[in-house]
Amino acid sequence: MGKRKSARKPQGKKKTKLDTSFRCLLCNHEESVTVNMDKQQRIGTLRCKVCSARFESAVTHLSDAVDVYSDWVDACNQVNQPDEYASDDSRARRRPADRPPPPAARDEYGVPTQLSENESDIDDF
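Counting from 1, position 12 in the sequence shown corresponds to residue 745 in this note's numbering; the numbering is continuous, with no gaps.
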């Protein structure tokens, strides 16, 4: 007599694993970028093995390695094409070297308090 076949247990669904190594945007080497996630300190660090490029991004408990990589891609795109990603608020926060000189100080009537050399000989209207 033979042994009876036991019923198989239902197999669980396999989770699809996301990539943890990526192509470097700077040197274009495949599988050279690795991402380390430190969820205790909430920092994701990306590093290229070939060109030593580094990037850090804030992470949450829901973040994964691909999220840090996509943040890096977005940051590189923003550096390369700033007009496309600029909003009205970011234009107001320009670097100090790009800012125009401040306007001349004016009194309560809107008249400049100090006239430049060019304006000192101009008569009032």
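Built from N, CA and C at the ideal position, the CB exists for glycine as well.
Would residue i be called buried (16 or more neighbouring beta carbons within 10 Å of its own) or exposed?
i, result
"residue 812", "exposed"
"residue 768", "buried"
"residue 816", "exposed"
What whole-angstrom Cβ distance do residue i and residue j have, given they're in contact under 8 Å?
i, j, result
"residue 809", "residue 781", "Incorrect: roughly 12 Å between the Cβ atoms, too far for contact."
"residue 785", "residue 766", "Contact flag wrong, Cβ pair sits at about 11 Å."
"residue 798", "residue 759", "Incorrect: roughly 18 Å between the Cβ atoms, too far for contact."
"residue 777", "residue 789", "7 Å"
"residue 801", "residue 792", "7 Å"
Hey, how far is the Cα of residue i from the Cα of residue j?
i, j, result
"residue 779", "residue 742", "41 Å"
"residue 804", "residue 736", "58 Å"
"residue 795", "residue 761", "28 Å"
"residue 783", "residue 771", "22 Å"
"residue 744", "residue 773", "33 Å"
Could you have a look at residue i and say whether DSSP puts it in helix, strand or coil?
i, result
"residue 771", "strand"
"residue 809", "helix"
"residue 754", "strand"
"residue 766", "strand"
"residue 739", "coil"
"residue 791", "strand"
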